[in-house]
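Using this note's numbering, read the sequence shown as starting at 310 and increasing by one per residue.
We put the CB at the ideal spot given by N, CA and C, even for glycine.
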Amino acid sequence: MHQPTSSLLTALLLPLAGCATLSDAPDFIGPPPAPPAQEVDDAPPLPEAPVVVETPRPPPDPIPDRLGTPSTSRAAAPAWWLVDHPFGYLPRPEAPWQFDPLAESAPREAPTLDNGALLCDVNVGGYRGDATEAGEYAGTDLTVGASVGGARPPARELWVWGVGPEDTGTARVLIPLIDLKPGATLHFKFNDRDVLFDDDLELVAHRWTGQVPFEFKGRIGRGRCRFVPRAPLDQAVALRLEDVDNALAAVPPASAPDLTRASLRSTETEQLGGVKVAIASVASLVGWDDPRVARRLERMGVLVAQRHALLVTALDATRADAESLGAWQAPAEGKVSMRLGVPLCGKTALKPLRKHWTEPWTRVGATTCALQLELRNDAAETVGVVPSRRALGSIEELAWVGGDGDVAVLSVVAVRAGDRLLKPTGAIDIAPGESIVLVLPAPAWFEPSNGGMLRTVARGDDRKPWTDYWRSP
310 MHQPTSSLLT ALLLPLAGCA TLSDAPDFIG PPPAPPAQEV DDAPPLPEAP VVVETPRPPP
370 DPIPDRLGTP STSRAAAPAW WLVDHPFGYL PRPEAPWQFD PLAESAPREA PTLDNGALLC
430 DVNVGGYRGD ATEAGEYAGT DLTVGASVGG ARPPARELWV WGVGPEDTGT ARVLIPLIDL
490 KPGATLHFKF NDRDVLFDDD LELVAHRWTG QVPFEFKGRI GRGRCRFVPR APLDQAVALR
550 LEDVDNALAA VPPASAPDLT RASLRSTETE QLGGVKVAIA SVASLVGWDD PRVARRLERM
610 GVLVAQRHAL LVTALDATRA DAESLGAWQA PAEGKVSMRL GVPLCGKTAL KPLRKHWTEP
670 WTRVGATTCA LQLELRNDAA ETVGVVPSRR ALGSIEELAW VGGDGDVAVL SVVAVRAGDR
730 LLKPTGAIDI APGESIVLVL PAPAWFEPSN GGMLRTVARG DDRKPWTDYW RSP
């Protein structure tokens with residue numbers, strides 16, 4: 310039965326008696342909000358989100374119209390590469406086989422052959438090398454040098470080298486930066502690698518007639534060369550440049566050096582070693598003077614300069630605090646104290662040491678020097694030292710540190726005991742209160758006035774190493 314509307318409303322509202330009216334209800338739907346936070350004056354500020362700074366990527370490299378020459382590449386090579394590579398106009402190209410499918414194989418006449426590279430497969434035919442004691446013949450470990458020049462072989466600085474697998478008598482060599490015209494002479498030098506020395510097998514000269522591919526043949530050495538055009542080289546360079554840029558971007562910021570490390574530039578070597586390898590990989594295809602290589606060398610030079618500045622600053626601060634070796638100094642609570650005498654420089658001053666000198670005497674000149682380090686026994690008993698092993702009381706290592714951070718470990722060539730000049734072999738006893746003088750050839754870069762320091766590594770009674778720097782008087 311249908312109830313009147315008023316009765317229905319009364320039935321719905323009766324259960325709400327004693328409750329808040331609609332006008333008293335809060336103006337929200339759902340769970341109540343959290344109470345407002347109380348303000349605290351000394352509350353710490355919220356940490357800021359870390360700022361991520363991306364290393365800007367260099368713009369695309371313009372590709373040079375032409376490549377350089379062996380001479381211009383050698384002239385542009387950085388000093389850090391030349392130190393370990395007295396020969397060669399660029400780093401030895403790694404994995405030359407990758408250019409095998411890209412080298413031209415179809416015969417053609419060429420009025421000139423340049424702006425590219427030659428890929429040469431070489432071998433020594435039936436050459437078997439020297440017989441072993443058992444009468445067996447080992448295979449040839451072939452290394453081949455190649456150069457493009459005049460009728461005579463050029464200086465070894467203008468060669469490039471290829472290394473073949475062991476015991477195969479074969480090798481593959483990539484010759485970048487070629488510039489050939491008919492009548493030009495190529496030289497190929499065949500060597501058999503041995504443990505201590507390489508055996509010279511043959512030097513083959515080949516006169517190019519304008520045909521590619523071309524073959525050459527000597528008494529035992531022979532080979533076939535194909536032309537690798539510029540485009541595949543530039544494609545390989547582009548990929549390797551990415552490796553260089555990634556390595557540069559990964560170098561951490563420069564920091565203060567650790568002056569207790571054996572090499573003060575070891576941190577630089579660790580941080581920039583991968584960059585150098587990557588840059589050398591590019592230079593092995595297009596030379597050191599290629600602008601793409603030069604640009605990366607310049608960027609790396611900025612990083613080197615930053616680290617060098619921190620190193621020089623640290624050495625200057627150390628020198629300012631170091632004790633002078635013009636007076637007696639005792640490192641690491643040792644029983645032996647030391648002081649530095651006036652260096653001996655030039656042939657006349659060094660002449661009494663001639664029979665003790667370890668380098669050829671013909672190399673001794675006006676700038677050749679030797680340090681004189683006097684050791685005194687401060688103990689109550691006799692102290693034995695062994696200069697040949699650098700066992701000098703508590704001192705275990707002597708090194709000279711130049712003002713620019715160069716480090717050279719010093720070796721004793723002679724010992725002056727009273728009026729006698731002794732060889733540094735065996736133990737030498739120093740009586741209490743007595744002294745001897747160690748003669749140590751200085752490094753080639755030594756200059757008496759360049760702010761150098763003597764660095765010692767010594768051990769006290771607790772056997773812990775102590776590294777000290779001593780200022781020259």
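Note on the region 440-497: whole beta strand (DSSP E) runs with a minimum of 3 residues are 451-458, 469-472, 479-485, in chain order. Contact between the region 451-462 and the region 487-500 is present: three or more C-beta pairs spanning the two stretches fall below 8 Å. Your pair residue 684 and residue 701 checks out as a contact, with CB atoms roughly 6 Å apart and the cut at 8 Å.
Here the region 590-608 makes no contact with the region 665-672; the two share fewer than three CB pairs at distances below 8 Å.
In the structure shown, residue 668 falls within a coil segment according to DSSP collapsed to helix, strand and coil. Here residue 626 is not near residue 584, since their CB atoms are 8 Å or more apart.
CA-to-CA, the gap between residue 509 and residue 775 works out to about 49 Å. Comparing C-alpha distances from residue 452 to each of 432, 466, 464, 465 shows the shortest one belongs to 432. A direct Cα-to-Cα measurement between residue 575 and residue 620 gives close to 11 Å. From the listed residues 526, 394, 596, 754, the smallest Cα separation to residue 429 is found for 526. Nearest to residue 646 by C-alpha distance, out of 742, 591, 515, 615, is 742. For residue 575, the uninterrupted alpha helix (DSSP H) segment begins and ends at 575-595. For residue 732, no beta strand (DSSP E) encloses it, and the DSSP letter there is neither H nor E. A direct Cα-Cα distance of roughly 10 Å separates residue 773 from residue 766.
For residue 551, the enclosing alpha helix (DSSP H) begins and ends at 539-558. Checking the DSSP bridge columns, you'll see residue 647 partnered with 638, 684. Below 8 Å, too few C-beta pairs join the region 504-522 and the region 549-567 to call them touching: fewer than three. When rounded, the separation of the alpha-carbon atoms in residue 475 and residue 411 is 26 Å.
Going by DSSP, residue 515 is part of the beta strand (DSSP E) stretching over 508-516. Membership of residue 402 in any alpha helix (DSSP H) is not indicated, and neither H nor E is assigned to it by DSSP.
DSSP places residue 382 within a helical segment (H, G or I) once states are collapsed to three.
Using a C-beta cut-off of 8 Å, the region 462-470 makes contact with the region 378-391, since at least three inter-stretch Cβ pairs fall below that distance. Residue 661 places its beta carbon 8 Å or farther from that of residue 751.
Classified as exposed, residue 505 has fewer than 16 neighbouring CB atoms from the shown chains inside 10 Å of its CB. Around the beta-carbon of residue 677, 16 or more other beta-carbon atoms lie within 10 Å, marking it buried.
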